[in-house]
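Chains as they are written, first to last, in the working numbering: chain X, -11 to 291; chain F, 8 to 306.
Heads up, the beta-carbon is just placed ideally off N, CA and C, and yes, glycines get one too.
Predicted model, so just to flag it, every value in this text is computed and none were measured.
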Amino acid sequence: MRYGKYRFIAGFLAIPLLLYVVFVVSPYLQAIYISLTDWRGFSQNRNFVGLANYVDLLGDTRFWRAMWHNLLLLIVVPVVTLAIALFLATMTTLAGRGGALGRGGVRGSRFYQIVFVFPYIVPLVIAGLLFAFFYNPEAGLLNGLLRLVGFDWLARPWLGDTTFALPAVMAVLIWAFVGFYFVVLSAAMKALPIDVFEAAVLDGAGQVRTFMSITLPLLTDSLKASYIYLGIMMLDGFTLLQVMLPDGGPDGSTEVVAQYLYRAAFTDGRFGYASAMGVALCLVTLVLAIVILRAGRRDRVEF
Amino acid sequence: MSIDTRPPVAKAARRAGPAPEGRRSGFGALNAGAQGLLVVWALVCVVPLLWAVLTSFKSDREIFTNPWALPTEWHFDNFVRAWTSASIGRYFINSAIVVSAAVLLVMLLGAMVAYVLARYEFRGRNVIYYAFVVGMTFPLILALVPLFFVVQNVGMLGTYHGLVIAYIAYALPFTVFFLTNSFRTLPGELIEAAMLDGCSHAGAFFRIMLPLARPGMISVGILNFFGLWNQFYLPLVLMPDQDRYVLSQGLAVLAANQGYRSDWSALFAGLVIALVPVLAVYVAFQRRIQDGLAVGAVK
């Protein structure tokens, strides 16, 4: 029996663990090692150079500009996405006629719950291609709309403009991700204890007050977790930017670290340097997670 | 989690009393404005997709002259051209092959790992579990360079099975994490009873636990389908062979080459073709997807 048990465990774990170690764990570990070498191109010839790549990174203005773009995405996209998702979720789960009791959405909530998720299921590559055309200076829907309502002066080549290219991409990211966080926050709201809302109503609290004093504090953990998930994605941002602005945007005004890394590795063959960028990105991700998890810990509410 | 199934009238009746009349009407105005915003966001969600569908039926000239109008003539030939001469058909089939193989296999392998982690005590269990959890949070871009060489060294660069294996490996962490939680919630007495009746460990898994875990399995399967159908990084690096491009990759290349050989109408038709499977799966499994997303994210 005991023998059989361990043989069974080993049998079930062998193949998946092998795949995981060879194709996931080992590449991550190798990346750390490669970042300490001067490996260029496809030759086997690589020398250990210690932290030289990291020292170079510190003085690389292109890297810092790319990192700055990631940080902008990291700040703007999650805040706007979560604000919109929070509003939509509140309206469709808590704010209905029974809303004073903290349950039930406004009329048509069922319909909204289906429609709001549409953008999330659109593959990012397709969303990127679609919106690249949406922003097209001549044939795009956006300029067409602006001209239709008489705001011709606002029409511009959105993705060709150093000021507007990055915000234009941010808008697409927000469009794409609100649906997911709408679902997450709706579920979190449905799981809130009903008696707290009942007590608030008995005390005469209105909807806005209930939201600010009860819903929001109770959702802190969900919001933090959401921010971390979204933040990790914004520190990447490769797919959408590579599809919409494959050259890094006008004058490199939208290039993110992942794009610079990809180019350094697969176009220029600077594998050591590219890996150093990857490790740096990883460290930033870790710092982000720690900062958010520690932020406002005292306000934590148990229920 | 309790789900409120009382009809709205009953809820309204229960709240009678405490809320003063004047304030309630104030909320009415607030809610009307908020309702308006819900409608606006619903339009924001739907209009770009509808626009893509309409555009895919227009002629190239019409796309540029009349972005807002309905197509004067419905060009179904755009879809034929996209499917054949723009190679979308081939890319679609490549995606279908790679994604369906990867999803089926990752579900099987992921369920096996998750079951062992959830139901058996052994040394190293926590190490394995956390190795998978950590794997979910690392940025894929960091692994991309070494992964390219790993796949090249085992001679799988540019092959279907190379891409399938990479897809499986990178979908495993989420699958294991999610399914471990679902296996933990299943009743253990059933296994004990089955084993007393002479069922083997593997028999108990395949005949009893796997069928019981079906709801969780379906949710994870659908989420994996979406994730892998969207995958862009892995094919970009691991699939240099143009004949075996997957859909996302093929579309991106097609769009990037539009400058030379403009066929926007076929490109839009291609986008719509690529959207059909995800929309179909979403509509068919809408409820379960939302539950799956919620559970996956809350945990």
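- the region 56 to 69 of chain X / the region 221 to 235 of chain X touching (three or more Cβ pairs under 8 Å): yes
- Item | alpha helix (DSSP H) segment containing residue 217/X, residue limits | 208 to 222
- Query: Under 8 Å, do residue 239/F and residue 273/X count as touching if we go by C-beta distance?
  - Reply: no
- Task: Consider the Cβ of residue 246/F: report whether some Cβ of chain X lies at a distance smaller than 8 Å.
- Result: no
- Query: residue 139/F by DSSP, collapsed to three states: which one?
  - Reply: Here residue 139/F sits in helix by DSSP.
- Going along chain F in order, which residues have a C-beta closer than 7 Å to the C-beta of residue 238/X? Within 7 Å Cβ-Cβ: nothing; residue 238/X doesn't reach chain F, min ~16 Å.
- Find the residues of chain X that neighbour residue 78/F, judging by a C-beta separation of less than 8 Å, and give them in chain order. In chain order: nothing, as chain X lies at least about 14 Å away.
- Name the chain X residues whose beta carbon is nearer than 7 Å to that of residue 255/F? 111, 113
- Item | residue 203/X versus residue 177/X: straight-line alpha-carbon distance, rounded | 8 Å
- Answer with buried or exposed for residue 46/X, where buried requires no fewer than 16 other C-beta atoms within 10 angstroms of its C-beta. exposed
- Message: According to DSSP, simplified to helix, strand and coil, what is residue 221/F?
- Response: helix
- Three-way DSSP call (helix, strand, coil) for residue 111/X in this model: coil
- Query: Mind pulling the chain X residues with CB within less than 7 Å of residue 95/F?
  - Reply: Chain X residues near residue 95/F: none, gap ~12 Å exceeds 7 Å.
- Message: Assuming contact is defined by CB atoms lying nearer than 8 Å, are residue 81/X and residue 201/X in contact in what I supplied?
- Response: no
- Can you give the beta carbon distance from residue 170/X to residue 71/X, rounded, assuming they're within the 8 Å contact cut? No, residue 170/X and residue 71/X are not in contact; Cβ-Cβ is about 12 Å, not under 8 Å.
- Query: What do you get for residue 48/F, buried or exposed, if any count of 16 or more other CB atoms within 10 angstroms of its CB means buried?
  - Reply: buried
- Task: Within the same chain, show all residues whose beta-carbon is closer than 6 Å to that of residue 278/X, passing over the 5 residues directly before and after it, in chain order.
- Result: Nothing meets the Cβ criterion.
- Message: On the criterion of 16 or more Cβ atoms from any shown chain inside 10 Å, does residue 205/X qualify as buried, or is it exposed?
- Response: exposed
- Just tell me which of 120/F, 215/F, 176/F, 74/F has its CA closest to the CA of residue 118/X. For residue 118/X, the nearest C-alpha among the options comes from 74/F.
- Task: Can you give me the Cβ contacts of residue 215/F inside the same chain, cut-off strictly under 7 Å, excluding the 5 residues immediately before and after it?
- Result: So the list reads 197, 198, 201, once near-sequence residues are dropped.
- Query: chain F partners of residue -8/X, CB-CB under 9 Å?
  - Reply: Result: 207, 208.
- Query: Straight-line CA distance for residue 70/F to residue 248/F?
  - Reply: Residue 70/F and residue 248/F have their C-alpha atoms spaced approximately 32 Å apart.
- residue 185/F to residue 113/F span [Cα, whole Å]: 12 Å
- Task: List in chain order: all unbroken beta strand (DSSP E) runs of 3+ residues lying wholly within the region 84 to 158 of chain F.
- Result: List check, beta strand (DSSP E) in window: nothing returned.
- Item | Candidates 268/X, 3/X, 191/X, of which the one nearest residue 39/X by Cα | 268/X
- Query: When you compare only the Cα positions, how much space is there between residue 81/F and residue 185/X?
  - Reply: 54 Å
- Message: If I measure Cβ to Cβ from residue 295/F and keep anything under 8 Å in the same chain, skipping five residues before and after, which residues do I get?
- Response: 222, 225, 226, 229, listed in sequence order.
- Message: Strictly under 8 Å for the Cβ-Cβ distance: is residue 38/X near chain F by that measure?
- Response: no
- Message: Can you check whether the C-beta of residue -3/X is within less than 8 Å of a C-beta belonging to chain F?
- Response: A Cβ of chain F is located within less than 8 Å of the beta carbon of residue -3/X.
- Query: With burial defined as no fewer than 16 other Cβ atoms inside 10 Å of the residue's Cβ, what is the status of residue 92/F: buried or exposed?
  - Reply: exposed
- Query: With a CB to CB cut of under 7 Å and the five nearest residues on each side skipped, what residues in its chain are close to residue 65/F?
  - Reply: 78, 82, 272
- Message: Using 8 Å as the cut-off, can you tell me whether the region 115 to 135 of chain F makes contact with the region 171 to 191 of chain F, which would need three or more C-beta pairs spanning the two stretches below that distance?
- Response: They touch, by the three-pair rule.
- The alpha helix (DSSP H) with residue 226/X in it runs from where to where? 226 to 232
- Can you tell me which of the three DSSP states residue 12/F falls into? Low local confidence applies: a pLDDT of 43 at residue 12/F is under 50, so the model's placement there is unreliable, and no value is given.
- Item | Presumed contact (8 Å Cβ cut-off) between residue 237/F and residue 112/X, rounded CB distance | 6 Å
- Report the rounded CA-to-CA distance for residue 18/X versus residue 143/X, giving the unit in angstroms. 48 Å
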